[in-house]
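To convert, note that position 427 of the sequence shown is 411 in the working numbering; the numbers rise steadily by one, no gaps.
Quick notes on the structure that follows.
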Amino acid sequence: MTTELNTKTAAELADLLASGQVSSLEITQACLDRTTVVDGLVHAYLHVDADGALATARSIDERRAAGESLPVLAGVPIAVKDVMTTRGLPTTCGSKILHGWIPPYDATVVAQIKAAGMPILGKTNMDEFAMGSSTEHSAYGPTRNPWDLERIPGGSGGGSSAVLASFQAPLATGTDTGGSIRQPAAVTGTVGTKPTYGGVSRYGLVALASSLDQAGPCARTVLDTALLHEVMGGHDPMDSTSIDAPVPAVVEAARRADVAGMRIGIVRELTGEGFQAGVQQRFDEAVQHLVDAGAQVVEVSCPNFVYALAAYYLILPSEASSNLAKFDAMRYGLRVFPEGIDEPTAEQVMAATREAGFGDEVKRRIILGTYALSSGYYDAYYGSAQKVRRLIADDFARAFEQADVLVSPTAPTTAFRFGDKIDDPMAMYLNDIATIPANLAGVPGMSLPSGVAPEDGLPVGFQILAPATQDDRLYAVGAALEARLLDAWGAPILGQAPDLTAATVTGA
Ligand code: GLN
């Protein structure tokens, strides 16, 4: 399988395209063929746009043949998370309430991808409105982890991580509000970055929690992730929180892959107790690799991180309950008329539509958020959570005085089985214990694979966090670690994943 075009990295494909050895049409067709073979099992896509992808590929091939100088990733295909609006293509956010909605505009990141000449293969599955850590909350059924089809691919961006891990696309987009890029990357042996808040435009992302949401790149290697980060990053006048500064030099950092003299801070509160033994073991080994590469290790303490989850689950539902108020049966997608009422009022139609259109997790968070924001409780809940958020940002500031980057395991465990946590929201929420602090403080974070756990043979994620706007540090450290791990494991970690062509499932 290794010689097939769908298994190559985006950087390799860009070189092959630039030197005229392959066409974008061949690459795009190879990815679509792979989807035909495996996606009946994996269910990474909610919508495949073969015609659109092939049309873009053909036009890029023609422009290249005509001698036009093209962007680096022109002709390299990509999958887009279904939370991003795509003009003329369905955008459901994994929800029934948006079933049938065709957006009239592109999200800025989608426009950037199109301007870069990248064929869009389709829209990837996700937990409904990006709420979850497993894709089990998708209204269209879960995505399966290519490493073990009875296990979750992470969430909310499990479609994007699975599309990469099953070699259906070399690149994908994600959004990370509390870990939805990094945790899926961790449990599928892929790479994902949550950029600095404001580093990538939020315009055209269906909002979950506006002060936490951040779009970012997903890929199979650190360099590929950096290449996509450069496409997606940059100032956007359509997003008032967009940073008006050049994109950090992430590709250069990934190519340099240098950690000599860098101070790596291990966050005491994000290791040890509560982390699966094999996850901790691979984390410790990865730290040793960084020391061997010339980095210095320090231990830092972020005492307020223990309150991160509690603050997040007040701030997120509060913002989500406001953002989701617009799904009122009048403007988008679904409209349900209540049974047994001849002339229902607008309010009755709204209630029936929201009852039928939202899943349990979404309703749970709307109720929680509405309660937390209600008069009399606002200060006690939302107000207190915002104060905790400040303390967490202060913890980061102090830690970054002692270290250039902070590191931890990305998730406490490897991929869990379908059904294990779906009925226990608290257990599901605890999966994000290591990723949430970065969203609360707006700092950038990356997850990359650090091997497979000895006890279950499943991938383990290594998380790197950097100060705001210093996203390039993630790539310098990530690429240095990736190179060492490649030596240690003798092949990319994803090389150990099953091929899937002969796989069957017993049902999730
Ligand atoms: N799993 C987290 C949640 O359920 C994170 C979601 C996200 O990053 N979109 O909120």
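Ideal Cβ placement from N, Cα and C applies to all residues, glycine included.
Model, not experiment: these values are computed from the prediction.
Selected residue, minimal CA-CA separation from residue i, among the options
i           : options               : result
residue 142 : 174, 50, 109 and 153  : 109
residue 435 : 423, 414, 407 and 466 : 466
residue 245 : 156, 444 and 457      : 457
residue 39  : 59, 186 and 31        : 59
residue 193 : 349, 257 and 317      : 349
residue 161 : 209, 205, 207 and 111 : 111
residue 79  : 271, 346, 303 and 230 : 346
residue 10  : 26, 25, -12 and 31    : -12
residue 233 : 215, 289 and 378      : 215
residue 404 : 358, 223 and 119      : 119
residue 484 : 25, 3 and 454         : 25
residue 149 : 486, 481 and 225      : 481
residue 281 : 19, 380 and 390       : 390
residue 430 : 48, 441, 447 and 442  : 447
residue -10 : 15, 49, 4 and 6       : 15
residue 270 : 303, 20 and 437       : 437
residue 303 : 355, 130, 226 and 289 : 355
residue 379 : 291, 19 and 138       : 291
residue 6   : 17, 262 and -8        : -8
residue 241 : 473, 131, 3 and 469   : 469
residue 49  : 3, 363, 381 and 360   : 3
For residue j and residue i, believed in contact at Cβ under 8 Å, the rounded distance
i           : j           : result
residue 62  : residue 153 : 6 Å
residue 90  : residue 69  : 6 Å
residue 459 : residue 82  : Contact flag wrong, Cβ pair sits at about 34 Å.
residue 266 : residue 444 : 4 Å
residue 114 : residue 159 : 6 Å
residue 167 : residue 179 : Not really, about 16 Å apart at Cβ, beyond 8 Å.
residue 64  : residue 94  : 6 Å
residue 455 : residue 428 : 4 Å
residue 375 : residue 305 : Going by Cβ atoms, the distance from residue 375 to residue 305 rounds to 24 Å, so no, they are not a contact pair.
residue 372 : residue 288 : 7 Å
residue 185 : residue 223 : 5 Å
residue 329 : residue 313 : With a Cβ gap of about 12 Å, residue 329 and residue 313 do not count as contacting.
Check whether residue i and residue j have beta carbons under 8 Å apart
i           : j           : result
residue 471 : residue 247 : no
residue 104 : residue 36  : yes
residue 163 : residue 177 : no
residue 238 : residue 207 : yes
residue 136 : residue 400 : yes
residue 415 : residue 122 : no
residue 409 : residue 477 : no
residue 321 : residue 333 : yes
residue 235 : residue 203 : no
residue 426 : residue 181 : yes
residue 183 : residue 217 : yes
Residue interval of the beta strand (DSSP E) (run including residue i)
i           : result
residue 29  : 29 to 32
residue 444 : 443 to 449
residue 63  : 62 to 65
residue 280 : 280 to 284
residue 393 : 389 to 393
residue 202 : 199 to 203
residue 175 : 175 to 178
Beta-carbon contacts of residue i that lie in its chain and below 7 Å, excluding the five residues immediately before and after
i           : result
residue 23  : 29 and 152
residue 8   : 1, 41, 44, 45, 59 and 103
residue 492 : The pLDDT assigned to residue 492 is 48, lower than 50, so where the model puts this residue is not dependable, and the model offers no usable value.
residue 413 : 293 and 297
residue 384 : 451
residue 243 : 274, 277, 278, 279, 460, 461 and 464
residue 352 : 301
residue 124 : 30, 78 and 109
Residues near residue i by beta carbon distance below 6 Å, same chain, minus five either side
i           : result
residue 300 : 193
residue 254 : 392 and 418
residue 369 : 295, 298 and 299
residue 259 : 393 and 396
residue -14 : The predicted model places residue -14 with a pLDDT of 42, which falls under 50 and marks its position as unreliable; any figure quoted below should be read in that light. Cβ neighbours of residue -14 beyond the five flanking positions: none.
residue 196 : 161 and 423
residue 140 : 110, 111, 114, 116 and 164
residue 286 : 251, 253, 379 and 383
Residue i: first and last residue of the uninterrupted alpha helix (DSSP H) it sits in
i           : result
residue 351 : 344 to 357
residue 91  : Premise fails: residue 91 is in no alpha helix (DSSP H) and is neither H nor E.
residue 374 : 368 to 386
residue 468 : 455 to 473
residue 218 : Taken as a continuous stretch (DSSP letters only), residue 218 belongs to no alpha helix (DSSP H), as it is neither H nor E.
residue 422 : 420 to 425
Contacting residues, own chain, Cβ-Cβ under 8 Å from residue i (five flanking each side not counted)
i           : result
residue 77  : 66, 67, 110, 112, 113, 114 and 190
residue 57  : -6, -2, 100, 101, 102, 155, 211, 212 and 215
residue 489 : 25, 128, 133 and 134
residue 85  : 74, 75, 76, 316 and 317
residue 283 : 249, 250 and 252
residue 377 : 424, 425 and 426
Contact test: residue i Cβ vs the ligand SAM heavy atom, cutoff 7 Å
i           : result
residue 114 : Looking for the ligand SAM in the displayed structure turns up nothing; the ligands present are the ligand GLN.
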